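In what follows, a structure is listed as structure tokens, so that the remarks can point back to it.
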Ligand code: ADP
């Protein structure tokens with residue numbers, strides 16, 4: 006949450022239900038009724054839910070003119086009451102809804118309560134309704150900037166406000182009042198949306214500004230709040246609203262508003278983008294740790310194994326390391342041979358065999374004779390070299406393991422030899 010929000014007077018705030026974890030609470034506000042505040046609240050919820058990333062709820066805080074259930078075709082749905090509290094209804098796309106209309110015998114019954122009672126209902130929607138975990142809760146606010154919305158502002162820990170205005174309103178006055186209210190409560194304004202900005206001619210596609218030139222964007226600039234786009238009058242929207250099928254909207258409006266909402270910090274925490282980053286970092290560090298552990302395990306098991314390569318020729322130790330037939334490679338564990346394989350000599354080129362045996366993770370090389378260059382290369386890679394060995398390979402290995410094989414240290418100087426290493 007921003008520093009600003011933390012400074013809010015908290016003495017009037019209502020505790021949330023203990024089972025609720027609501028990450029972002031966004032109030033949708035307008036200067037007067039009929040500008041599309043409820044429709045925009047519903048659309049924001051529908052689009053957010055459609056991302057599949059968020060759990061979304063809508064609280065119909067417009068107690069005297071509740072229209073949220075109708076938009077979702079949920080007028081006949083009834084919340085389930087339990088000892089713990091009341092569960093909101095779930096729409097067709099699984100958005101959670103709570104509205105006074107869902108509790109009244111008939112949705113047409115007028116709600117004639119006054120301020121304090123209305124305020125109480127909203128508080129109950131917060132602390133007696135089990136919303137569970139929500140990423141976004143949208144509040145369809147009572148219209149205007151008077152006492153009733155003020156009670157809501159004072160009662161609930163709101164994280165942001167979206168202002169909806171139409172071009173024919175005195176937008177600057179409404180925005181000013183909304184900003185004053187938001188500042189009083191230290192609630193950030195997410196931005197201003199202009200609804201009914203124009204309509205599109207169904208024949209020629211031309212935009213027609215029904216209410217004349219709009220100044221909403223200029224007002225947003227003047228008050229230094231983000232302008233979150235214009236929504237046209239769209240007969241499809243009116244029809245879907247009337248039919249209770251707002252979730253079937255197939256056009257994508259309000260993209261800027263959705264982007265601004267996604268950047269909002271989580272109540273008392275971090276924004277979605279930051280959370281994603283943190284999750285990625287966490288995954289990365291888990292992966293690194295797993296890799297490290299795996300490496301350690303490999304190292305440990307390899308640490309325990311000593312690998313001996315004996316230059317061999319028909320089962321006996323070759324006197325010519327470079328020209329041997331191949332290498333008998335023996336893995337030794339707990340001083341006992343556990344595995345043996347034969348690696349044919351790929352050919353004698355300077356430096357080739359020491360490199361090959363190093364890659365094979367050999368620790369000790371045993372031969373009759375070896376050139377000085379090869380010995381040096383082995384030493385550089387911390388591979389022990391034993392020269393001067395002779396006899397059967399198996400017996401030489403046993404000798405080595407018994408600690409009886411001592412290197413003569415002799416070096417073959419005629420490295421381009423044919424058989425000049427003899428006598429080591
Ligand atoms: P408010 O919540 O501000 O009182 P509503 O959202 O109930 O306003 O909208 C009033 C009426 O106008 C509704 O019938 C709604 O479907 C219609 N309406 C609002 N905005 C649009 C729009 N952009 N295009 C078509 N109809 C709209």
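Numbering (the working numbering), first residue to last: 6 to 429. Positions of the beta carbon are idealized from the N, C-alpha and C atoms, including for glycine. Since this is a predicted model, take the numbers as computed values, not measurements.
Practice item. May I have the straight-line CA-CA distance separating residue 14 from residue 190, to the nearest angstrom? Key: Here the question's residue 14 lines up with position 9 in the chain shown. Here the question's residue 190 lines up with position 185 in the chain shown. Note that residue 14 scores a pLDDT of 47, beneath 50, so its modelled location is shaky; the value from the coordinates is reported in the next line. Looking at the two C-alpha atoms, the distance is approximately 7 Å.
Check your understanding: Where does residue 30 sit, in a helix, a strand or coil, going by DSSP?
Key -> Position 25 of the chain shown, counted from the start, is the residue given in the question as residue 30. Strand at residue 30.
Review point. Would the beta-carbon of residue 392 fall within 9 Å of that of residue 408?
Key: To locate residue 392, count along the chain shown from 1; it is residue 387. To locate residue 408, count along the chain shown from 1; it is residue 403. No, Cβ-Cβ distance for residue 392 and residue 408 is not below 9 Å.
Practice item. Name, in chain order, the residues that DSSP records as bridge partners for residue 263. Key: The sequence position of residue 263 within the chain shown is 258, counting from 1. DSSP lists no partner for residue 263.
Check your understanding: For residue 420, which three-state DSSP category applies?
Key -> By 1-based counting over the chain shown, the position of residue 420 is 415. Caution is warranted here: a pLDDT of 44 is assigned to residue 420, below 50, making its placement in the model unreliable, and the coordinate value is therefore given only provisionally. Looking at residue 420 - three-state DSSP - the assignment turns out to be coil, as it is neither helix nor strand.
**Study point:** Proximity to residue 167 [Cα-Cα], best of 390, 25, 156 and 179
**Key:** Indexing the chain shown from 1 puts residue 167 at position 162. Closest option to residue 167, Cα to Cα, is 179.
Review point. When we look at the beta-carbon of residue 387 and count the other beta-carbons within 10 Å, is it buried (16 or more) or exposed?
Key: On the chain shown, position 382 is the one that residue 387 refers to. So residue 387 counts as exposed.
**Study point:** Alpha carbon of residue 58 to alpha carbon of residue 356, nearest angstrom
**Key:** Your numbering for residue 58 matches position 53 in the chain shown. Your numbering for residue 356 matches position 351 in the chain shown. Going from the Cα of residue 58 to the Cα of residue 356 covers about 58 Å.
**Study point:** As assigned by DSSP and simplified to three states, the class of residue 170
**Key:** The residue given as residue 170 occupies position 165 in the chain shown. Residue 170 falls in the strand class under three-state DSSP.
Point to revise | Close-in-space but distant-in-sequence residues of the same chain around residue 10 (CB under 7 Å, 5 per side omitted) | key: Taking the first residue of the chain shown as 1, we reach residue 10 at position 5. The predicted model places residue 10 with a pLDDT of 41, which falls under 50 and marks its position as unreliable, so this point remains unresolved.
**Study point:** Per-residue burial, residue 290 [other beta carbons within 10 Å of its own, 16 or more giving buried]
**Key:** Residue 290 sits at position 285 when you count from the first residue of the chain shown. When all chains shown are included, residue 290 counts as exposed.
Review point. Under 9 Å, do residue 41 and residue 50 count as touching if we go by C-beta distance?
Key: In the chain shown, counting from the first residue as 1, residue 41 sits at position 36. In the chain shown, counting from the first residue as 1, residue 50 sits at position 45. In this structure, residue 50 does not lie closer than 9 Å to residue 41 by Cβ.
Check your understanding: Is residue 190 helix, strand or coil by DSSP?
Key -> Here residue 190 is taken as the residue at index 185 of the chain shown, counted from 1. Helix.
Check your understanding: Along the chain, where does the beta strand (DSSP E) that runs through residue 389 open and close?
Key -> Within the chain shown, residue 389 is the residue found at index 384, counting from 1. Note, residue 389: beta strand (DSSP E), 389-391.
Point to revise | Proximity below 9 Å, CB of residue 258 to CB of residue 48 | key: Counting from one through the chain shown, the residue named residue 258 turns up at place 253. Counting from one through the chain shown, the residue named residue 48 turns up at place 43. Taking 9 Å as the Cβ cut-off, residue 258 and residue 48 qualify as a contacting pair.
Review point. For residue 344, which option in 219, 44 and 333 has the closest C-alpha, if you only look at C-alpha atoms?
Key: On the chain shown, position 339 is the one that residue 344 refers to. Checked all of 219, 44 and 333; the closest Cα to residue 344 is 333.
Check your understanding: What does a CB cutoff of less than 8 Å around residue 68 pick up in its chain, not counting 5 residues either side in sequence?
Key -> As a working note, residue 68 is residue 63 in the chain shown. Around residue 68: 105, 116, 118, 123, 126, 127, 147 and 153.
Exercise for review: Have a look at 172, 93, 200 and 224 and flag the residue whose alpha-carbon is nearest the alpha-carbon of residue 129.
Suggested key: The sequence position of residue 129 within the chain shown is 124, counting from 1. Nearest of 172, 93, 200 and 224 to residue 129, Cα basis: 93.
Check your understanding: Run through DSSP, which three-state label would residue 235 get?
Key -> For the purposes of this step, residue 235 is identified with residue 230 of the chain shown, where counting begins at 1. Strand at residue 235.
Review point. What are the start and end residues of the alpha helix (DSSP H) that includes residue 74?
Key: For the purposes of this step, residue 74 is taken as residue 69 along the chain shown, with counting starting at 1. Run containing residue 74: 73-76, per the alpha helix (DSSP H) assignment.
Exercise for review: Give the DSSP-derived three-state secondary structure of residue 91 in the structure shown.
Suggested key: Residue mapping note: residue 91 aligns to position 86 of the chain shown, counting from 1. Strand.
Review point. DSSP beta-bridge partners for residue 204?
Key: Start at 1 with the first residue of the chain shown, and residue 204 comes out as number 199. Its beta-bridge partners are 213 and 238.
Check your understanding: Under 9 Å between the Cβ atoms of residue 322 and residue 377?
Key -> Here residue 322 is taken as the residue at index 317 of the chain shown, counted from 1. Here residue 377 is taken as the residue at index 372 of the chain shown, counted from 1. No, they are not a contact pair.
Practice item. Could you check the C-alpha separation between residue 430 and residue 176 for me, to the nearest Å? Key: What is shown of the chain runs 6 to 429, which leaves residue 430 out entirely.
Exercise for review: Give the range of the beta strand (DSSP E) segment to which residue 333 is assigned.
Suggested key: Walking along the chain shown from the start, residue 333 turns up at place 328. Residue 333 -> beta strand (DSSP E) spans 331-338.
**Study point:** the ligand ADP heavy atom lying under 8 Å from the CB of residue 213
**Key:** Residue mapping note: residue 213 aligns to position 208 of the chain shown, counting from 1. Because no heavy atom of the ligand ADP lies under 8 Å away, the Cβ of residue 213 does not count as near it: no.
Point to revise | Separation of residue 149 from residue 453, as counted between CA atoms | key: Residue 453 falls outside the range modelled here, since the chain spans only 6 to 429, and no answer is possible.
Check your understanding: With 16 as the cutoff for other CB atoms within 10 Å, does residue 347 come out buried or exposed?
Key -> Along the chain shown, read from residue 1 onward, the residue named residue 347 stands at position 342. Exposed.
Practice item. Return yes when the Cβ of residue 213 is within less than 9 Å of the Cβ of residue 265, no when it is not. Key: Along the chain shown, one-based indexing puts residue 265 at 260. Along the chain shown, one-based indexing puts residue 213 at 208. No.
**Study point:** Cutoff 7 Å; reference residue 331; Cβ partners in own chain excluding five residues on either side
**Key:** Along the chain shown, one-based indexing puts residue 331 at 326. Taken in chain order, the residues that qualify are 317, 347, 348, 349 and 350.
Exercise for review: Using 10 angstroms around the beta-carbon of residue 292, count the other beta-carbons present and answer buried if the total reaches 16, otherwise exposed.
Suggested key: As a first step, residue 292 must be located in the chain shown, where it is residue number 287. Result: exposed.
Practice item. Can you give me the start and stop residues for the beta strand (DSSP E) that residue 62 sits inside? Key: Reading the chain shown from its first residue, position 57 is the one you call residue 62. Residues 61-65.
Check your understanding: For residue 429, which three-state DSSP category applies?
Key -> Within the chain shown, residue 429 is the residue found at index 424, counting from 1. Bear in mind that the predicted position of residue 429 carries a pLDDT of just 35, short of 50, making it unreliable; the figure below should be weighed with that in mind. Correct three-state label for residue 429: coil.
Check your understanding: residue 205: beta carbon under 8 Å from a heavy atom of the ligand ADP?
Key -> Here residue 205 refers to the residue found at position 200 of the chain shown. For the ligand ADP, not one heavy atom lies less than 8 Å from the Cβ of residue 205.
**Study point:** Residues bridged to residue 312 (per DSSP)
**Key:** Residue numbering aside, residue 312 sits at position 307 when the chain shown is read from its first letter. BP columns for residue 312 point to 336.
Review point. Taking C-beta to C-beta, are residue 314 and residue 382 nearer than 9 Å?
Key: Locating residue 314 in the chain shown gives position 309, where the first residue counts as 1. Locating residue 382 in the chain shown gives position 377, where the first residue counts as 1. For residue 314 and residue 382, no; Cβs fall outside 9 Å.
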